[in-house]
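Read the structure below first, then the notes.
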Amino acid sequence: DWPGNIRELENTIEHAFIWEESSRIQMSSLPEPLLLQAGVELSQISMPEPTSVNAEVDTGRVEPEESSEMVTIQGEALDFNKHKEAFEKEFIIKALKTFKGRINQTALHANIPKKTLLRKIEKYGINAKDYIESNP
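Written as structure tokens, this is what we have:
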């Protein structure tokens, strides 16, 4: 039995499908609360190994405008907007691949308003037609 409504089920399956790297959804792609509710012990699931992050952080109490040092992760400047945009672009591309370039389906299933999706597609220079499957 699914503990929520049909929309939650669809969203959970779509999320797992989009982020799964293999051709089958694995238990490790499902949200932890769902697995726990189903009685699955997380220690039994093959999860990817966590990656370490080497961060240089000034632990002194300094206001941001006074700090001349930037926080870095593995030699790269830590910039929230840059990483958020990279995530958005990757997410949109994966969603377009999943729904074969169909804007309406992508917007609906990714839970993004169509206007927002179109704006971001333009912003990131993505061509949705690149993801349309051609019929032989």
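If you're matching positions, the sequence shown starts at 336 in this note's numbering and goes up one per residue.
Backbone N, C-alpha and C fix where the C-beta goes; we use that ideal spot for every residue, glycine too.
Asked	Found
If you measure between the beta carbons of Lys424 and Tyr459, is that distance less than 8 angstroms?	yes
Throw me the rounded Cβ distance for the Lys432 and Ile467 pair, which I believe falls under 8 angstroms.	That pair is no contact at about 10 angstroms.
How about Ala463 and Ile456: are their beta carbons less than 8 angstroms apart?	yes
Rounded C-beta distance between Ala351 and Leu365? I'm assuming under 8 angstroms.	6 angstroms
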